[in-house]
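Scroll down for the structure; my scribbles are underneath it.
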Amino acid sequence: MVEVAKEVAKPDYLSLVNKSGSGFNVSELVDAIVGSEIEPKRSLQKAKQERTENAISGIGFLTSQANTTQSNFNTLKSDDFFEISSTNSSGVVVRANDETKLEKSSRSISDVTIAKKMVFEFGDFSNLTDTFSANLTIDFGAWTKTTASSSQDTTDFQSQKTYIVTSEISDADDINAITNNTSWPGTTPISVGETFTVDDNASGSISGAYIKEIDVYAFSDSDVVNSESLDFTDKTVSEVAALLNAMDGISATTVDTSGDRTNYSIVVMSDETGEENGFRIAGESRFETSTLPAASSFSNSFSQLSSNASFNLDGVDVVRESNSITDLIDGATIELKSDFSTSAVIDVDRSDTAIRATIDDVIFSLNEFKAEIDRLTFIDLEGDENGPLALDPAVNAIKSKFKKLAVQPINGYGEKSIYLSQLGIKTDSNGDYYLDEILFEKTLANTPEYFQALKDENLTTSTTSSSVVKSSFTKIGVGTYAVTKQGDQWKLGDTDITRFDYYGGSRFTSATYPGLVITTAAIEPSSFNIYVGQSFSSRVTDLMEEIVEIGSPLRNSEETYTNRSSDIETRLKDLEEREKLINQKYTEQFGKMEQSMTQFNSTKTLLENFIEAWKKQK
Numbered sequence: 001m002v003e004v005a006k007e008v009a010k011p012d013y014l015s016l017v018n019k020s021g022s023g024f025n026v027s028e029l030v031d032a033i034v035g036s037e038i039e040p041k042r043s044l045q046k047a048k049q050e051r052t053e054n055a056i057s058g059i060g061f062l063t064s065q066a067n068t069t070q071s072n073f074n075t076l077k078s079d080d081f082f083e084i085s086s087t088n089s090s091g092v093v094v095r096a097n098d099e100t101k102l103e104k105s106s107r108s109i110s111d112v113t114i115a116k117k118m119v120f121e122f123g124d125f126s127n128l129t130d131t132f133s134a135n136l137t138i139d140f141g142a143w144t145k146t147t148a149s150s151s152q153d154t155t156d157f158q159s160q161k162t163y164i165v166t167s168e169i170s171d172a173d174d175i176n177a178i179t180n181n182t183s184w185p186g187t188t189p190i191s192v193g194e195t196f197t198v199d200d201n202a203s204g205s206i207s208g209a210y211i212k213e214i215d216v217y218a219f220s221d222s223d224v225v226n227s228e229s230l231d232f233t234d235k236t237v238s239e240v241a242a243l244l245n246a247m248d249g250i251s252a253t254t255v256d257t258s259g260d261r262t263n264y265s266i267v268v269m270s271d272e273t274g275e276e277n278g279f280r281i282a283g284e285s286r287f288e289t290s291t292l293p294a295a296s297s298f299s300n301s302f303s304q305l306s307s308n309a310s311f312n313l314d315g316v317d318v319v320r321e322s323n324s325i326t327d328l329i330d331g332a333t334i335e336l337k338s339d340f341s342t343s344a345v346i347d348v349d350r351s352d353t354a355i356r357a358t359i360d361d362v363i364f365s366l367n368e369f370k371a372e373i374d375r376l377t378f379i380d381l382e383g384d385e386n387g388p389l390a391l392d393p394a395v396n397a398i399k400s401k402f403k404k405l406a407v408q409p410i411n412g413y414g415e416k417s418i419y420l421s422q423l424g425i426k427t428d429s430n431g432d433y434y435l436d437e438i439l440f441e442k443t444l445a446n447t448p449e450y451f452q453a454l455k456d457e458n459l460t461t462s463t464t465s466s467s468v469v470k471s472s473f474t475k476i477g478v479g480t481y482a483v484t485k486q487g488d489q490w491k492l493g494d495t496d497i498t499r500f501d502y503y504g505g506s507r508f509t510s511a512t513y514p515g516l517v518i519t520t521a522a523i524e525p526s527s528f529n530i531y532v533g534q535s536f537s538s539r540v541t542d543l544m545e546e547i548v549e550i551g552s553p554l555r556n557s558e559e560t561y562t563n564r565s566s567d568i569e570t571r572l573k574d575l576e577e578r579e580k581l582i583n584q585k586y587t588e589q590f591g592k593m594e595q596s597m598t599q600f601n602s603t604k605t606l607l608e609n610f611i612e613a614w615k616k617q618k
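Counted the way this note's numbering counts, the sequence shown spans residues 1 to 618.
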C-alpha cells in the first residue's frame, strides 16, 4: 500500500518567476516531469480499453445478428412448399402436417357426413336456483338409433317401442288396451302428434294406417366403455351444470330457452365426436338420458346423436370417428367441415414460387450474417484498422464453421447426399452467396423434393411397406441406417434391434435409440433403409444458438473482455492516484528549493548591499 504524503499548501509559483526565486515556471516543470512518467502508461491503458470496449461491442453486434439469422431461418422452416386446394372449401379443407411425406396428387371426395358429438337436453327448469339432490352414474359408450318407419297397419306392435299418431283415431280404447294407459277416454279421438309406448303385456290392435314408430335410442350395458359417478345434495341448476361440465368426456352449460328467464335447459355435450363417444346418465329421473327424443314431462331429449364421419374417397367408402383425418393422404390432414353429397376435388402440388422465395430468403440471410462477421474480423494488412474481433479465436472459429456450411453435404434425405450447389445456391470469390439460375431450374424440374432439405427434418424409409417414428428425446445421428437380418438377430446399422409380431407384420425397437419405432407390413421384411436427415435451416440455427447460448466460447470470450475492461479501469484509477502522489512529491521538493533559492538570493542581496556600503565609506 502506497503511503499518501502529507498535503502542503502549493506556493504561488507564478509569483516566483523572475523574482526572488529560481525564476523557473515550477508548475509547468512539475507537470512535465509527472506527465513524462504517467502519460505513456495512461495512453497504453486507454488504447487497451478502447480495443476491449470495441470487442465487447462487436460481440454484441454479432450476437444480435445471430439472433436475427436464427429467427429468419426458424421462419423458413414454417414455409409451405406445397399448395393444397379444395373445390369445396366450406365442406372439406386439407392442410399439410408433414411436407416430407407429401406428393403431388389429385383426390376426389363425396357423400360426406361429418362426425358429430352427442348432445342431450335436460329441459323445463323454471329457475336456475332450483335445487336438486341425486346420485348419478355417467356411462360412456355408443348409442344406436332406430329410424322411424312409415305409417303402418297397427297389428304388429313391438313391446317398449314408441309410436306417434299420424292421423286422427276416433276411438282410444284400442290404444288403452295396448298401453294400459287410461288417460284417453275410450270415446275421445286421439289427435295427430300424440305418442304412446307399448307395454310389455299389451294386447289389441288398431286397423288402418294411423301410426308410425318414432326414433328411439338404445344403450345397453355391453356398450359401456367407461363409467363415472356424480353425487350431489341441494345443488342448484347452475351448480349441477357446473358439476357435469367438470367431468372428463362431457361438457355442460345452461341455456335460457324461452328468452324471458322462465324456462331453462341444461345442455350436455360429449367432448369428442364419433359413435363410441356418447354417454348415458341414470340414477334420478330428472337427469336421465331417456331413450326417446322427448319422452317425459321434463322434455329431456336427444338433440343430436354421436356419430362417425362417413364419406367416399376415390370410390372407396371410408368411416372415421373424427372430422380430422390424418391417415388417408400422406403428410396431410383432411378436415371435414360440413355435410355434402356432391364431389369435391383435393389437389396437392408443389409451389415453384414458394420454393424460389425461400431460396432468396436463404441467400439474403446468409449474406447478411457474413457481412457482419466479415466486418468484425477484418484484418488491415496496410494499417492499423483491424476489426474489433479480428484476432478473437472464438469468433474466428464461428467464421470457419459458417464458411463450411456452403460446402458440407446434407445427408439423410435418400441414398445420395444433397449439396447447396445442386439447389443453385453458390458462393463467389468473396464468399458471398448467389443463385445459379440454371442449376436451380434444373433441380426444380427434375428433383423438386431436394428443396425439402432446406427446411424440413427427415425421418423416412426406403420402402412404402415400412414406416418409422421417433420421440422428441430420441438421440440418433444424421445418416442412412440399413435394417437387416443377420442370422436370428435384426440390426439397425451395426446396432441390435428387437422384433415383435405386430398385426400381421413386424415392429422393431432399439435399446440404443429409445423412442425409435420401426413398423413394416411384412412378417419377415427384406432389408431396407432408414433415413435420418437434418435440414440446412436447422444447421444454421444450431450454429446461431452456439453463438448466443450461455457458456458458449463466444460468451466466455465476452466475459474475458468484460473482466479485462474492469482490470483496465482499476489500472487507470491507480495511475490517477499515482499522478497525484508524484505531483505532490515534486511540488514539495521544488517548493523547498524555491525557499532555499529565495533565502540565498536574500543573503546575496544583503552581502552585495553591505559591500556597496563599505565601498562608499572608504
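In this text, a Cβ means the ideal position worked out from N, Cα and C, and glycines have one as well.
Quick caveat, the model's predicted, so the values are computed rather than measured.
- Around residue 124, the same chain offers 298, 299 as residues with beta carbons nearer than 6 Å, after the five sequence neighbours per side are excluded.
- Counting C-beta pairs closer than 8 Å gives three or more between the region 119-133 and the region 265-283, which meets the contact rule.
- For residue 231, the secondary structure class from DSSP, reduced to helix, strand or coil, is strand.
- The Cβ-Cβ distance between residue 463 and residue 498 does not fall below 9 Å.
- Segment contact: the region 245-260 against the region 100-109, fewer than three CB-CB distances shorter than 8 Å; contact not assigned.
- In the three-state scheme derived from DSSP, where H, G and I count as helix and E and B as strand, residue 464 is classed as coil.
- Between residue 557 and residue 394, the C-beta spacing is below 9 Å.
- A direct Cα-to-Cα measurement between residue 480 and residue 282 gives close to 58 Å.
- For residue 435, there is no enclosing alpha helix (DSSP H); the enclosing beta strand (DSSP E) covers residues 433-435.
- For residue 68, the closest of 466, 547, 229, 248 by C-alpha to C-alpha distance is 547.
- For the alpha helix (DSSP H) assignment, the uninterrupted runs of no fewer than 4 residues enclosed by the region 385-463 are, from N- to C-terminal side, 393-404, 437-446.
- Looking at the DSSP output, residue 492 sits in a beta bridge with 483, 495.
- Excluding the 5 residues flanking it on each side, residue 179 has same chain C-beta neighbours closer than 6 Å at 196, 199, in chain order.
- Non-local C-beta neighbours of residue 367 in its own chain, meaning closer than 7 Å and more than five positions away in sequence, comprise 432, 433, ordered along the chain.
- For residue 330, no alpha helix (DSSP H) run applies, since DSSP gives it neither H nor E.
- The three-state secondary structure of residue 585, taken from DSSP, is helix.
- Spatial neighbours of residue 263 in its own chain (CB-CB distance under 6 Å, excluding positions within 5 residues in sequence) are listed in chain order as 257.
- Residue pairing from DSSP places residue 304 in a beta bridge opposite 119.
- Contiguous alpha helix (DSSP H) elements confined to the region 531-600 occur at 536-548, taking only those with 4 or more residues.
- Between residue 224 and residue 139, the beta carbon gap of about 5 Å places them in contact (Cβ cut-off 8 Å).
- CA-to-CA, the gap between residue 243 and residue 515 works out to about 39 Å.
- For residue 351, the closest of 82, 61, 66 by C-alpha to C-alpha distance is 82.
- Nearest in C-alpha terms to residue 468, of all of 483, 456, 85, is 483.
- From the listed residues 310, 570, 112, the smallest Cα separation to residue 275 is found for 310.
- Here the alpha carbon of residue 273 sits roughly 32 Å from the alpha carbon of residue 260.
- DSSP places residue 213 in the strand class (E or B) of the three-state scheme.
- Inter-segment contact for the region 49-66 and the region 324-342 is absent: fewer than three beta-carbon pairs are separated by less than 8 Å.
- By alpha-carbon distance to residue 218, the top candidate from 559, 132, 305 is 305.
- The three-state reading of DSSP puts residue 347 in strand, counting E and B together.
- Restricting attention to 604, 531, 443, the CA atom closest to the CA of residue 476 is found in 531.
- The Cβ atoms of residue 534 and residue 418 do not sit closer than 9 Å to each other.
- At a Cβ-Cβ threshold of 9 Å, residue 379 and residue 424 do not count as neighbours.
- When DSSP states are grouped into helix, strand and coil, residue 286 belongs to the helix group.
- Two segments are said to touch when three or more pairs of C-beta atoms, one from each, lie closer than 8 Å; by this definition the region 108-115 touches the region 310-323.
- Beta-bridge partners assigned by DSSP to residue 269: 119, 251.
- Judged by their CB atoms, residue 369 and residue 65 are nearer to each other than the 9 Å cut-off.
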